[in-house]
Structures are given as structure tokens and as C-alpha cells.
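K.L.:
I am attaching a structure below and will ask some questions about it afterwards.
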Amino acid sequence: MASKIETTPDMVQNVYKKTAERLAVVRNRLNRPLTLAEKILFGHLDDPQNQELVRGESFLLLRPDRVAMQDATAQMALLQFMLAGKDEAAVPSTVHCDHLIQAYKGAGADMTVANATNKEVYDFLATASSRYNIGFWKPGAGIIHQVILENYAFPGGLMIGTDSHTPNAGGLGMCAVGVGGSDASDVMVGLPWEVKNPKLIGVHLKGKLGGWASAKDVILKLCGMLTVKGGTDKVVEYFGEGTSSISCTGKATITNMGAELGATCSVFPYDERMGAYLKSTGRDQLAAIADGHKDILSADADVVANPGKYFDEVYEIDLSALEPHLVGPHTPDLARPISALKKEVAEKGYTVKISSALIGSCTNSSYEDIGRAAFVAKQAMEVGVKMTSPFLVSPGSTQIQNTIERDGQMATFNEVGATVLANACGPCIGQWKRDDIKAGEKNTIVTSFNRNFRARNDANPETLAFIASPEIVMALGLAGRLDFNPATDELEGPKGKIKLQAPVAPELPAKGFIADTEGYQKPAGATAQVAVNPSSDRLQLLSPFTKWDGKDFVDQLVLAKAKGKCTTDHISPGGKWLNYRGHLDNISNNMLLGADNAFTGEIGKGKNQLTGETAEFAQVARAYQKAGKGWVIIGDENYGEGSSREHAAMCPRHLGASAVITKSFARIHETNLKKQGVLALTFVNPKDYDKVQEADRVSLVDLKDLAPGKNVKMNIKHADGSSETIELKHTYNAEQLKWFRAGSALNLIRGL
Ligand code: F3S
10 MASKIETTPD
20 MVQNVYKKTA
30 ERLAVVRNRL
40 NRPLTLAEKI
50 LFGHLDDPQN
60 QELVRGESFL
70 LLRPDRVAMQ
80 DATAQMALLQ
90 FMLAGKDEAA
100 VPSTVHCDHL
110 IQAYKGAGAD
120 MTVANATNKE
130 VYDFLATASS
140 RYNIGFWKPG
150 AGIIHQVILE
160 NYAFPGGLMI
170 GTDSHTPNAG
180 GLGMCAVGVG
190 GSDASDVMVG
200 LPWEVKNPKL
210 IGVHLKGKLG
220 GWASAKDVIL
230 KLCGMLTVKG
240 GTDKVVEYFG
250 EGTSSISCTG
260 KATITNMGAE
270 LGATCSVFPY
280 DERMGAYLKS
290 TGRDQLAAIA
300 DGHKDILSAD
310 ADVVANPGKY
320 FDEVYEIDLS
330 ALEPHLVGPH
340 TPDLARPISA
350 LKKEVAEKGY
360 TVKISSALIG
370 SCTNSSYEDI
380 GRAAFVAKQA
390 MEVGVKMTSP
400 FLVSPGSTQI
410 QNTIERDGQM
420 ATFNEVGATV
430 LANACGPCIG
440 QWKRDDIKAG
450 EKNTIVTSFN
460 RNFRARNDAN
470 PETLAFIASP
480 EIVMALGLAG
490 RLDFNPATDE
500 LEGPKGKIKL
510 QAPVAPELPA
520 KGFIADTEGY
530 QKPAGATAQV
540 AVNPSSDRLQ
550 LLSPFTKWDG
560 KDFVDQLVLA
570 KAKGKCTTDH
580 ISPGGKWLNY
590 RGHLDNISNN
600 MLLGADNAFT
610 GEIGKGKNQL
620 TGETAEFAQV
630 ARAYQKAGKG
640 WVIIGDENYG
650 EGSSREHAAM
660 CPRHLGASAV
670 ITKSFARIHE
680 TNLKKQGVLA
690 LTFVNPKDYD
700 KVQEADRVSL
710 VDLKDLAPGK
720 NVKMNIKHAD
730 GSSETIELKH
740 TYNAEQLKWF
750 RAGSALNLIR
760 GL
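Residue numbers for the sequence shown follow my numbering, so the first one is 10 and each next one is one higher.
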């Protein structure tokens, strides 16, 4: 039977019924109050009676309610899904074309270019979606997380999405988790989804937001408190009276950027602000059903009264005392209140002049966000101040765009000097054709986005990207200075000076939203033909990876030893490479191009141990593969942080990696490596990282005895003839070891 794509009242009733049944079983077993995250996760257990539930250790097998995919990751997810030979997606699933649209001249011109340059990809995604009963959102219809929030998210649901900011739907009380394409294809073929039973961080929100402080500042402050590793394998659950002082879309901003903490997801209890958002977006019935199930949509009373008893960590933020924050450059955990920035700018010598201000993205383009930014712009124009450098606006969806056009905020943006971009990711994902700054030129930008790794936005490593709320970005952009504080400084224009008032704006449009009637394509089912051009350089049908031969990995070459931060952007960069997301062989040429070579300090290159020549890592890997030599990657702390892209695991696998050995992994990347059949191992003693040298040969032995909880031995032969043995550990469970042995998770599914 065809799975319905919409979130219907019947479907939600059914989810709540099953949740209640499963929770009854779990309560019986645990005999204690439950947090909200536990209610949602345990309410979706595949086997509530027998599932092991040790926090931070057990792997939960869950039954998600939905799958969401963006166009860059959907290509590989659908190609993998097709390999499994199924007829339709087993759960409601949607594809959203938002990542491949380059920002340059503005929405109209950019869409024309995108439709032409991405035609074969869009045709593939549209036809494959249609064929396999998947909802398809056309290019320009909106950014995945905004469209999901507007149409599909619902309180108490469980969703996976092939994008790391999927947790955005936590603003509507959903556990929504960013995964790799292979997880998505597993769930679409009807398998349960596996995730480590997360530890729980409780964040007590006290007081009430006011003045210049916004929801964005809650999460920016938390990024500073917890750092980019603080949320790994954890769910962040917000509670306390402060939660209801934040709008539904504000909550979504907070849960969206839980990804910057590395958190599995973040979640808020259901409240009237969520109900209001559901009603405003045409889902009155869902609000009524949720109103009747508050018991499963919030934590038990004792959890809120005694959080220290039930959460692994508890933090407190007083919203009434919260100041606007800015984070950056280069990492979202470099946070400070705006009042501390002026001094730091002077001390650290950051470029003061702002070269571009950018607002919108999936993180911050709600009606409220846009309204608050427009409020600031209007005041500035009273004294004749307009933007003197580029001001780019990325609306989150056609629905938002239509509504702010009707209600006047868009006219304000245009008047103050905006270039309105397509309803798509654009500069947020590096799809920014920038000609105001030369490559390598030092400059400062401010954005309301969520991520600011070096070169993330414009491919220029010398760009300092600071992240703030849209209203702060607007104020700083208008002042043209990074060290401007609208709460204390005056803005000066040709018509005088003004002390900007703190922004005020409605969270929802009084006249309702104007729905997008054009952006969605309904599936046709089995009659649809999937379009893949065999000569395409952007799409390539997949062949299964080879099965593990049962032998140890002996005398492996060390292809790369990455030093410091090595995110999925470093392992599989975006930008122009996004074009090849659906073509495994071509995209593999980008492998590790951003990695910092620990032996030489060179970026993206290493020495071919067979020839002595230095080349890009992918070329060296291809040479090793041709010569029949296996190789490994050595990584530092939190290797693979950042995004869900499985290419960062598939490309090493495709080019012959046997293992990735690190001090520690980011969760999604570690799982992706396991799924693709690459051994993911960590040093028992992190200092052993230092022992691995450039010309070493390493052997991973006794692999036939690989078992959950059992360490792996690695023998290292150094070039001087000496050798040593170190211990590596892993987090494979029995099922995941089957993936390794089968050559990949998908091989196992095909075998089934
Ligand atoms: Fe797109 Fe940036 Fe969000 S890439 S999905 S707008 S984080």
C-alpha cells in the first residue's frame, strides 16, 4: 500500500496510540519518570520489550515516522534506495531541492541558471521521487527544514533527514535527527533505524526573552558553554517556564543549531506557541490532537522538578538576563555577548568593516525573524542609513516569501538595499558566487546562518564569518562595522543619529500565511520512468562494494594523518563538488582536499609512499588502489564533525580505504563509515596518534574475532625497522559488524 506523504490527523493519532502502547511497556521495565526525549525515542522503539536501554551504550532500533532529503544528499540516498530493489518508500518521505542553487544576481536570474545547470539532477530526483512514491519539492520552493516545519513536522514525531540541520523540527516538538543517505535508504526500504541511546542534556530556561535578545542568542550562548563536541551522542531537552516565552519558530532556530553542538537532536515540550504555529499553517486538527496528548508531549512532572536526577547534565540559562551574542570566526563555539566584542575586535585585529551581511537560511527566516530585522531597517532609514555593502536575504520558503511580500517586510528590505536570493541555501552552503572580494582577501561577514567553518560560505579561507540573530546582523550591516552594539551605540546617517530601539515583531502573520501552490510535485507511482543519463558526469548508478574477504588488513599505507579539525567539509568539500554528489567516482576526487596533513602542514596533499611524489590525497589513493595496496586514514579529535554527508565515508571506501583510525569521531560520520564498510576505530590511548609516522605500514590483526566491546590490535612498522603494537577500540554492535563483513549495510539488505 502506498505510504501517504502528508502528515494527516489519522497518521498522528496512530503515532500517539503506538507511542502510548510502547511507553507502557518501557515504563513497566524502567519504573521511573521519563523525560520528553525518552518518551519520543522509546515511543518509537522497534521492540520495546527486549530493546536494551543503557544510555550512551545501547543502540536503539527505532521506527521513524518520516524521512526528509535535500537535493545534494538525496541523489545518493535514492541511488542507494534503488539498489535495494524496492517499489516504494516504506514511510512518508520527501525530497527538497535547496542546496544546488548558486547565489549571484538574485532569485530570478539565479533560478534560471540553476534550472539549466542542474537539469539532469533535478530530472533524476523528480522522476525517482515520482516513481517511488516520494514527495518532491521543486527548486526554489524552499529550504528543506523550513518546508518540513511548515508542512510535515508534528509534536512527538520521529524523523530522520539527510541533512545535519534536520533537528530544526524540534521546534515543533519532534525528535528529528540528521543522518547519512544510507540511513535514509534503510528506513525507506522498511528497516528500523539505529542510533546510540543518547545521553540527555537538560537545559532549564528561566525568565523571559526581551529587548535585543532572541531565540538565536539562547543557542549561541549554549554553543559557547558546551562547545562543538558537547552534544555528541546526546539529546538536548529544554524545559522550564522560559520555553513558552519563545515562539515555535524561535524554538526551531534553537534546535536547528543543536547540530553545532554535535547533538543527536534537540527537543522542546509541546505548548500553545506550537499549537498557534500549527493552526497558522493550516493544521488546526493536528493542534487539537496534540492538545489532547500533552502527557506524551512533555516530560513527566518529576523530571522538571528534579532535573538532576534524570538528565546526565543540566544547564541553566536565564532568558531575562540574556544578551545578544555573536559567534566566530571559523567555529560556532567561539561565543561572546555583543558587549564584549568591541574589545576583542581591537585585541585580535579582526577586520572591522563588514563586507557583506546575510540573513535568512533554514535557521532564521521565520516570519518573526524577518519582521524583527525589518523593524531595525526601518528605523535606520529614518536617518537615511542604508546598506553600503551587499545585503543578501535568503527566504526559507515560498510561503514565507509570499507572505512577507504581501505584508511589506520585503519592500523594506529592498528599500534598504537587499538582494533577495532564491528560497534556497545559497551562501549558507558555499553556493555564493562572490565578486565583491578577491580570493584570499581578508574580510568580515556577518550572517544569521548556523555554520561558519573556514571558507564555508564563500570558499575564501580569509573570510571571517560571525553568526548572530537576523536583527543583529541587520544592525551591524547597517553600521558597516563589526564592533557596533545597537544596544549602546548610536547609528549615524545623513539625516542625523539614532539609537535603535530593540526590535518588536509578530511571530505569526495576522492575515495568515500565503501557501505555496506551485512548489510541490505529487508522485505518479510505478508508471514514472527514472531518468539517468548513462554519459552523465553528475549521476552514476551504483554498484555494490566488495565483500570483506575475511582476512586481516596487513601492511596498510598511511594515506593521510589529519591534524586538528577535520570536518566532513574537509573530508568531502562542498562548493563546486556539490555538482558531483550523485557520481561517486567523480566526487571522490575531492577526498580530504581540506585536511591538514599532520606530517607536512600541507592542505589536501600527501606523499605517495610508492613513488615519493606529493599529490592530492585522492590521486595518491587511486595510485595505491591501482597497485593493490590497502590504506588507512589517521584522524584527530571529533573527526568528521559537521554534516551528515555520507560521501565523506563513501569516497574513502570507493578509493580503497580499509580503516579510519582517530582520537574520536563525530557520531554521524562514524556511523556512515560503518555503513559503507570502512572500519571505524579509535585509539585506546589518544597519545598513540603521535606514534603513527608518514612512511609506516600498519596492520589490523585478528579481525575474524572482531566482536562488540573487543579491542583491535594494530601493529605499526616504522621506516627505521622498529615496530610497536597499540590497542584500538570501536563502537560496533553485532548488527553493525555484519555490515562490515558484508562489505556495506546495503549489501546486507540486498542479501536479505
Ligand atoms: Fe541549507 Fe544552510 Fe540550512 S545549507 S539546510 S540553509 S544549514
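Heads up, the beta-carbon is just placed ideally off N, CA and C, and yes, glycines get one too. Predicted model only: the values in this text are computed from it and were never measured.
Quick check on this structure: which residue in N606, A607, L688, D697 has the alpha carbon closest to the alpha carbon of W640?
P.N.:
Among N606, A607, L688, D697, the Cα nearest to that of W640 is on L688.
K.L.:
So W748 is in the alpha helix (DSSP H); what residue range does that whole segment cover?
P.N.:
Residues 743-751.
K.L.:
Below 8 Å CB to CB, which residues in the same chain sit around R759 once its five sequence neighbours on both sides are set aside?
P.N.:
Result list for R759: L92, A93, G94, P553, in chain order.
K.L.:
Could one say the Cβ of H174 lies closer than 9 Å to chain B's Cβ atoms, at least one of them?
P.N.:
Reference to chain B is not applicable here, since this structure consists of a single protein chain.
K.L.:
At what residues does the alpha helix (DSSP H) containing Q155 begin and finish?
P.N.:
It spans 153-160 - the alpha helix (DSSP H) in which Q155 sits, taken as one unbroken run.
K.L.:
Quick check on this structure: which residue in L235, K387, S194 has the alpha carbon closest to the alpha carbon of A514?
P.N.:
Considering only alpha carbons, the answer is K387.
K.L.:
Hey, G180 and F51: beta-carbon distance below 9 Å or not?
P.N.:
Going by C-beta atoms, G180 is not nearer than 9 Å to F51.
K.L.:
Work out the CA separation of Y359 and D172 for me, nearest whole Å.
P.N.:
So the alpha carbons of these two residues sit roughly 31 Å apart.
K.L.:
Determine, using beta carbons only, whether K635 and T623 come nearer to each other than 9 Å.
P.N.:
No, they are not a contact pair.
K.L.:
Give me the residue from A743, I725, E744 with the minimum Cα distance to I735.
P.N.:
The residue with the shortest Cα to Cα distance from I735 is I725.
K.L.:
I want to check one thing, is the minimum distance from the CB of N617 to the heavy atoms of ligand 1 below 8 Å?
P.N.:
No - ligand 1 has no heavy atom lying nearer than 8 Å to the Cβ of N617.
K.L.:
Can you pull the DSSP bridge partners for L548?
P.N.:
Note: L548 sits in a beta bridge opposite G591.
K.L.:
Pull up the CB-CB distance for T691 and K722, whole angstroms please, since I reckon it's below 8 Å.
P.N.:
About 14 Å; that fails the 8 Å criterion.
K.L.:
I need the straight-line Cα distance from M85 to W748, nearest angstrom please.
P.N.:
Straight-line Cα distance between these residues: approximately 18 Å.
K.L.:
Going by Cα to Cα distance, which pick from L715, D714, Y648, L757 is closest to T241?
P.N.:
Measuring from the Cα of T241, the nearest candidate turns out to be Y648.
K.L.:
Output the boundary residues of the alpha helix (DSSP H) element that contains F145.
P.N.:
It is not in any alpha helix (DSSP H) - F145 instead sits in the beta strand (DSSP E) that spans 144-146.
K.L.:
Exposed or buried, what is S348 when buried is set at 16 or more other beta-carbons lying within 10 Å of its beta-carbon?
P.N.:
So S348 counts as exposed.
K.L.:
Sorted by chain position, which residues of the same chain lie with C-beta nearer than 8 Å to N542's C-beta, five sequence neighbours on each side aside?
P.N.:
If we look at N542 and ignore the five residues flanking it on each side, its Cβ neighbours are E129, L548.
K.L.:
Can you name the residues that DSSP bridges to Q565?
P.N.:
In DSSP, Q565 forms a bridge with V707.
K.L.:
S102 lies in the beta strand (DSSP E); which residues open and close that run?
P.N.:
Its beta strand (DSSP E) spans residues 102-105.
K.L.:
With a threshold of 16 other CB atoms inside 10 Å of the CB of A533, please say whether the residue is buried or exposed.
P.N.:
So A533 ends up on the exposed side.
K.L.:
Using a 10 Å radius around the Cβ and a threshold of 16 neighbouring Cβ atoms, would you call I642 buried or exposed?
P.N.:
It counts as buried.
K.L.:
Assuming N694 and P717 are in contact, meaning their beta carbons sit under 8 Å apart, how far apart are those beta carbons, in whole angstroms?
P.N.:
That belief does not hold up - the Cβ atoms of N694 and P717 are roughly 21 Å apart, past 8 Å.
K.L.:
Using the Cα positions of Q22 and L270, report the straight-line distance between them to the nearest angstrom.
P.N.:
Cα-Cα distance, rounded: 33 Å.
K.L.:
Could you check where the alpha helix (DSSP H) with T407 kicks off and where it finishes?
P.N.:
That run of the alpha helix (DSSP H) goes 407-416.
K.L.:
Taking 9 Å as the cut-off, decide whether the C-beta atoms of E356 and K395 are in contact.
P.N.:
No. Outside cutoff.
K.L.:
Less than 9 Å between the beta carbons of V237 and L367, yes or no?
P.N.:
Contact flag unset, no.
K.L.:
Taking 8 Å as the cut-off, is the beta-carbon of Q111 closer than that to any non-hydrogen atom of ligand 1?
P.N.:
Flag unset: Cβ of Q111 not near ligand 1.
K.L.:
Could you tell me the boundaries of the beta strand (DSSP E) in which Q79 lies?
P.N.:
75-79 is the span of the beta strand (DSSP E), which, as asked, contains Q79.
K.L.:
So, for F608: in the same chain, excluding its five sequence neighbours on each side, which residues have a beta-carbon less than 7 Å away from its beta-carbon?
P.N.:
Excluding residues within five positions, the ones whose Cβ falls inside 7 Å are K570, E703.
K.L.:
Taking 8 Å as the cut-off, is the beta-carbon of N459 closer than that to any non-hydrogen atom of ligand 1?
P.N.:
At least one heavy atom of ligand 1 is nearer than 8 Å to the Cβ of N459, so yes.
K.L.:
Taking contact to mean at least 3 C-beta pairs separated by less than 8 Å, is the region 573-592 in contact with the region 456-468?
P.N.:
With the cut-off at 8 Å, the region 573-592 and the region 456-468 touch.
K.L.:
State the beta-bridge partners of L71 as determined by DSSP.
P.N.:
Answer by DSSP bridge pairing, in chain order: L54, W202.
K.L.:
Counting pairs of Cβ atoms below 8 Å between the region 74-85 and the region 159-175, do you hit three or more?
P.N.:
Touching, per the Cβ criterion.
K.L.:
Compare the beta carbon distance of L686 and G637 with 9 Å and say whether it is the shorter of the two.
P.N.:
Looking at the sequence provided, one finds Gly at residue 686 rather than Leu. Not in contact: G686 and G637 (Cβ atoms no closer than 9 Å).
K.L.:
Short of 6 Å in beta carbon distance, which residues of its chain neighbour R490, apart from the five on each side in sequence? Order them along the chain.
P.N.:
The answer, listed in chain order, is V361.
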